[in-house]
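Residue 11 is where the sequence shown starts when you use my numbering, and the numbers rise one by one after that. Presented below is the structure to which this report refers.
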Amino acid sequence: MRTTGEYLELQRRCTALLRDLGVEPWLPFDAVVKRVEELRGRPVVLHELPEQLAVHGVCGLWLGTDDGDHIFYEPRTAPLHREHIILHEIGHVLCDHHRGGTADPADPGGLDGPSPGELRAQDVKRLMARTSYTSSEEQEAEMIASLIQSAGETGRPAGALGRLGSFLGVSVDDRD
């Protein structure tokens, strides 16, 4: 567990990283994805996470290949949470985290199970599976997602009802 000082230092570092890369926290979600594509010089492709991985506790995954960054997200969750999962994986991309995986055919949770047709296990260069928040890389990616998402709320309805609507993915007019 981080101390308050460590937490504030993490927040400061992540805020500086976003600023230095020109990923302004107030940008709408689609603009953040576009900025990451510009920075990386390749597409960010979003995919629904295969159910086989979700049953193993994974809700987000980044696969870096030679031709793009493929981000998988849990589709069976609230829209705001789905956005947060994707932003968390973008945090891994922006920090260039390299922990991770190999494509092992003997691994039932590995990459040789059902996957999008354009991805082959031997093409995978980086694998980041989001299953816990204990490593420094996971905490860094989580902070980046939180900074972007919390600052980006200016386009969402204000107040508790507006936040609930955003979480549920429904449009709420809280003027009544």
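Backbone N, C-alpha and C fix where the C-beta goes; we use that ideal spot for every residue, glycine too.
Runs of the alpha helix (DSSP H) spanning 4 or more residues and lying entirely within the stretch 23-92 occur at 39-50, 61-64, in chain order. Across the set L97, G74, G78, D77, the C-alpha of L97 shows the shortest separation from the C-alpha of E84. Rounded to the nearest angstrom, the gap between the Cα atoms of I100 and G15 is 25 Å.
In chain order, V33 place their CB closer than 6 Å to the CB of R45, counting only its own chain and leaving out the 5 sequence neighbours on each side. The C-alpha of T13 is placed about 24 Å away from the C-alpha of L104. Taking the Cα of E61 as reference, the smallest distance to any Cα among F82, V54, A41 is reached at F82. The stretch 70-79 and the stretch 48-58 touch, with three or more beta-carbon pairs separated by less than 8 Å.
With a cutoff of 8 Å on beta-carbon distance, Q159 and L20 are scored as not near each other.
DSSP places S156 in the uninterrupted alpha helix (DSSP H) bounded by 146-161. The C-beta distance from A161 to P35 rounds to 3 Å, short enough to fall under 8 Å. With a threshold of 16 other beta carbon atoms within 10 Å, D40 falls short and is exposed. A distance of 8 Å or more separates the beta carbons of D77 and R50. In this structure, the CA atom of S156 is about 17 Å from the CA atom of H107.
Here DSSP, grouped into helix, strand and coil, assigns T13 to coil.
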